[in-house]
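**Student:**
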Amino acid sequence: MEQQFAGWRKKYFTIWTGQGISTLTSSIVQMAIIWYITGRTKSAAVLSFATLAGFLPQAVLGMFIGVLIDRHDRKKIMICSDLVMTSACVALAVSGIWGDIPIWMIFIVLFIRSIGNAFYAPSLQAIMPSIIPKDQLTKYAGYSQSFESASMIASPAIAAVLYSVFPLKVILMLDVLGAIFAVATLTAVDIPAVSREDKDKTNLLGEVKEGYGVMRSVPGMRELLVIGALYAVIYFSIGTLYPLITMSYFNGGVRESGLVETVFAVGTLVGSVSLGIWGGRIDKIKAIAGSIGIYGAGTLVTGLLPPNGFYVFVFLSFFMGVSVPFYFGVQTSIYQIKIQGEYLGRALSLSSSISMVAMPLGLVLSGALAGPLGIENWFLISGGAALVIAVLALTLPALRHCMDG
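Take the sequence shown: its letters are residues 1 to 405, numbered as in the UniProt record's numbering.
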């Protein structure tokens, strides 16, 4: 065990240096693609299809992909996934040499990148327990969130500058640069393989059921999945409505909308760093409940604000952002601590798939109800629902005591 974790900090920061650069370049490319689609089509329907292409494969295939992640070398899966996603971007860039990039081809590339990410993200999370000692997992989940939060802050500004100067086909090549860094750092690190006596199994559906069975057998994990699904419905619907409430209710413009998003991202970075500093000492279930509660309270108070209360909304957005890592980072670390390594890929993929399925449900609900009820009232209702979920997280006995022992 001592040998397994020798030099683990160096391994972690080597991997995440590459991941940080790759996340930044991917975010820039993703934003440029969305702006390109918006500029070319000016169609909400086309943007909806693009969003669907970007998350549907992860939602549908995630549980089955988790089996493959548990069967095979996760490091190799990550490298192959990165190369496939990058190759798709290169093909898209090449298609633009002779004219405009076809929208249908963008959909295909978004679809391929979504499949690649369905392999990549759970594999990255699943290798962490083989590198980081268990008592440090929550703390370093905060550092991982910091890399992603920094990317959220930097990528819009960088993407805006690049998009004003270069065509999309040039910006797409940034993804190649990010992949080179990610693959190089992964290759440089020795990641212990998770041994499985049954790795030659061929019953994919049976292994999916087995993975769910393991989740059910560990006290509190099923309840954590349910809390995650309920919260995802609210979290994703409210996040999507940020620009709309800024512009339609608070009478702001693009600048005000950008300010809110930036302040929220800065809050997320502050929360990530805080989790990195204190993550090893916190009560994990209280942290999750507190995160949902703070986000819910901020959402509820936003719904009570008058139309001239924009800057109070900005202030609330900072604290809502701070709360985010204490949910997502801590949730991941709980799975990493409680689920055996050979089942971890399936557990993480199942959690991700459930969130991905909950996302469109939240979008449908907000789309159907925010208009007739008024967007401020939808924030009020959603905030109240989040507070109920927070109380539920604290009072479910199996979840409350899942970290005991």
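A virtual CB, placed ideally from N, CA and C, is assigned to each residue, including glycine. The structure displayed is predicted, hence computed values, not measured ones.
Any heavy atom of the ligand COA within a distance shorter than 6 angstroms of the CB on residue 173?
**Tutor:** Summarising the ligand content, the structure contains no ligands, and the ligand COA is consequently not present.
**Student:** Within this structure, are the beta carbons of residue 149 and residue 269 separated by less than 7 angstroms?
**Tutor:** The count along the sequence shown starts at 1 and reaches residue 149 at position 149. The count along the sequence shown starts at 1 and reaches residue 269 at position 269. For residue 149 and residue 269, yes; Cβs fall inside 7 angstroms.
**Student:** Go ahead and pull the three-state DSSP assignment for residue 399.
**Tutor:** Taking the first residue of the sequence shown as position 1, residue 399 is located at position 399. Of the three classes helix, strand and coil, the one that applies to residue 399 here is helix, per DSSP.
**Student:** Can the beta-carbon of residue 366 be found less than 7 angstroms from the beta-carbon of residue 62?
**Tutor:** In the sequence shown, residue 366 corresponds to position 366, counting from 1. In the sequence shown, residue 62 corresponds to position 62, counting from 1. For residue 366 and residue 62, no; Cβs fall outside 7 angstroms.
**Student:** Looking only at C-alpha atoms, which of 228, 303, 152 sits nearest to residue 348?
**Tutor:** Translated into the one-based positions of the sequence shown, residue 348 becomes position 348. Nearest C-alpha to residue 348: 228.
**Student:** Here's a check: name, in chain order, each residue in its chain whose Cβ is nearer than 7 angstroms to the Cβ of residue 31, leaving out the five neighbours to either side.
**Tutor:** Taking the sequence shown and counting its residues from 1, one reaches residue 31 at position 31. For residue 31, where only same-chain residues beyond five positions count, the Cβ hits under 7 angstroms are 155, 156, 159.
**Student:** Measuring straight from C-alpha to C-alpha, what distance separates residue 176 and residue 130?
**Tutor:** Translated into the one-based positions of the sequence shown, residue 176 becomes position 176. Translated into the one-based positions of the sequence shown, residue 130 becomes position 130. So the alpha carbons of these two residues sit roughly 28 angstroms apart.
**Student:** Would DSSP call residue 340 helix, strand or coil?
**Tutor:** Indexing the sequence shown from 1 puts residue 340 at position 340. Three-state result, residue 340: coil.
**Student:** Compare the C-alpha of residue 277 against each of 345, 382, 85, 138 and name the closest.
**Tutor:** As a working note, residue 277 is residue 277 in the sequence shown. Minimum Cα distance to residue 277 is reached at 138.
**Student:** Relative to the C-alpha of residue 69, which candidate in 100, 108, 235, 344 has its C-alpha closest?
**Tutor:** Here residue 69 corresponds to residue number 69 of the sequence shown, with the count starting at 1. If we check each option's Cα against that of residue 69, 344 comes out closest.
**Student:** Among the residues of its own chain, which have a CB less than 7 angstroms from the CB of residue 312, if the five just before and after it don't count?
**Tutor:** To locate residue 312, count along the sequence shown from 1; it is residue 312. Result list for residue 312: 305, in chain order.
**Student:** At a cut of 8 angstroms, does the stretch 232-241 reach the stretch 382-399 through at least three beta carbon pairs?
**Tutor:** The answer is yes - the stretch 382-399 touches the stretch 232-241, with three or more Cβ pairs under 8 angstroms.
**Student:** Which value, in whole angstroms, describes the spacing of the CA atoms of residue 144 and residue 112?
**Tutor:** By 1-based counting over the sequence shown, the position of residue 144 is 144. By 1-based counting over the sequence shown, the position of residue 112 is 112. If I take the Cα positions, the gap works out to 25 angstroms.
**Student:** State the Cα-Cα distance for the pair residue 77 and residue 120, rounded to the nearest angstrom.
**Tutor:** Residue 77 sits at position 77 when you count from the first residue of the sequence shown. Residue 120 sits at position 120 when you count from the first residue of the sequence shown. The alpha-carbon atoms of residue 77 and residue 120 are separated by roughly 7 angstroms.
**Student:** Are the Cβ atoms of residue 79 and residue 183 separated by less than 7 angstroms?
**Tutor:** Translated into the one-based positions of the sequence shown, residue 79 becomes position 79. Translated into the one-based positions of the sequence shown, residue 183 becomes position 183. A contact, by the Cβ cut-off of 7 angstroms.
**Student:** For the stretch 267-296, list the beta strand (DSSP E) runs that are entirely contained and at least 3 residues long, ordered along the chain.
**Tutor:** DSSP runs (the beta strand (DSSP E)) wholly in the stretch 267-296: none.
**Student:** Please work out which residues of its chain come closer than 7 angstroms, Cβ to Cβ, to residue 88, disregarding the five sequence neighbours upstream and downstream, and give them in chain order.
**Tutor:** Here residue 88 corresponds to residue number 88 of the sequence shown, with the count starting at 1. Closer than 7 angstroms at Cβ, skipping near neighbours: 109, 112, 113.
**Student:** What residue does the alpha helix (DSSP H) around residue 17 start on, and which one ends it?
**Tutor:** To locate residue 17, count along the sequence shown from 1; it is residue 17. From DSSP, the alpha helix (DSSP H) with residue 17 extends over 8-41.
**Student:** So, helix, strand or coil for residue 111, using DSSP?
**Tutor:** For the purposes of this step, residue 111 is taken as the residue at position 111 of the sequence shown. Note: residue 111 maps to helix in three-state DSSP.
**Student:** Secondary structure at residue 414, three-state DSSP: helix, strand or coil?
**Tutor:** The question about residue 414 has no answer here: the residues shown for the chain are numbered 1 through 405.
**Student:** Count the other CB atoms within 10 Å of the CB of residue 346; is the residue buried (16 or more) or exposed (fewer)?
**Tutor:** Within the sequence shown, the letter at position 346 stands for residue 346. So residue 346 ends up on the buried side.
**Student:** For residue 312, which three-state DSSP category applies?
**Tutor:** Residue mapping note: residue 312 aligns to position 312 of the sequence shown, counting from 1. Residue state, collapsed to three classes: helix.
**Student:** For the 8 angstroms Cβ check, are there 3 or more pairs between the stretch 370-384 and the stretch 292-310?
**Tutor:** Verdict: yes, contact present.
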